[in-house]
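As structure tokens, the structure follows; a few thoughts come after it.
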Amino acid sequence: MPYLNRPDAKVFFDDLGSGEPIITMHGFIENGSYWSRTGVSGALAAAGYRVIDMDMRGHGRSVPEGARPSYTAESVVEDISGLADQLGLKRFHLLTHATAWSGTIGPFLPIRT
Numbered sequence: 065m066p067y068l069n070r071p072d073a074k075v076f077f078d079d080l081g082s083g084e085p086i087i088t089m090h091g092f093i094e095n096g097s098y099w100s101r102t103g104v105s106g107a108l109a110a111a112g113y114r115v116i117d118m119d120m121r122g123h124g125r126s127v128p129e130g131a132r133p134s135y136t137a138e139s140v141v142e143d144i145s146g147l148a149d150q151l152g153l154k155r156f157h158l159l160t161h162a163t164a165w166s167g168t169i170g171p172f173l174p175i176r177t
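Residue numbering for the sequence shown is 65 to 177, as defined by our numbering.
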């Protein structure tokens, strides 16, 4: 199973399709499989996108590590950036389920050129 290894968490992700990448973020008390269960991941992959469905910390198959795992907005930004780096993504779209994520996380992601 593919994981992003962070100092205080193992973050699970699924990687489907090829083409311009989209990293998805689910809402609270859900997991990354939300996007495949609803048919969104498959439809985007069929349309020519690479879709990376991530289980956020504390959700799905992601696992906290160490005595003090972090669940801050900053740690989520670091997870997304770390995942993009691990996968060699210079640019990507961010698709969020909850509007709070796009407003909270999006502005803090570095612009990749």
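We treat Cβ as the ideally placed atom computed from N, Cα and C, and that holds for glycine. Source: prediction; values computed, not measured.
### Task
Step through the CB atoms of chain B and report whether any lies within less than 8 angstroms of the CB of residue 150.
No chain B appears in this structure, which consists of one protein chain only.
### Assigned exposure category for residue 157 - 16 Cβ within 10 Å defines buried
By the neighbour-count rule (16 or more Cβ atoms within 10 Å), residue 157 is not buried but exposed.
### Task
Note down, one range per segment and in chain order, each beta strand (DSSP E) of at least 3 residues found wholly within the segment 134-169.
Runs of the beta strand (DSSP E) lying entirely within the segment 134-169 and spanning at least 3 residues, in chain order: 157-160.
### Message
Can you tell me where the alpha helix (DSSP H) holding residue 114 begins and where it ends?
### Response
Where residue 114 is concerned, there is no enclosing alpha helix (DSSP H), although the beta strand (DSSP E) it sits in stretches over 113-118.
### Query
Mapping DSSP to helix, strand and coil, what is residue 108?
Residue 108: helix per DSSP, three-state reduction.
### Task
Check the DSSP bridge columns for residue 88 and list the partner residues they point to.
Note: residue 88 sits in a beta bridge opposite 117, 159.
### Query
Measuring CB to CB, does residue 114 end up less than 8 angstroms from residue 83?
Yes, they are a contact pair.
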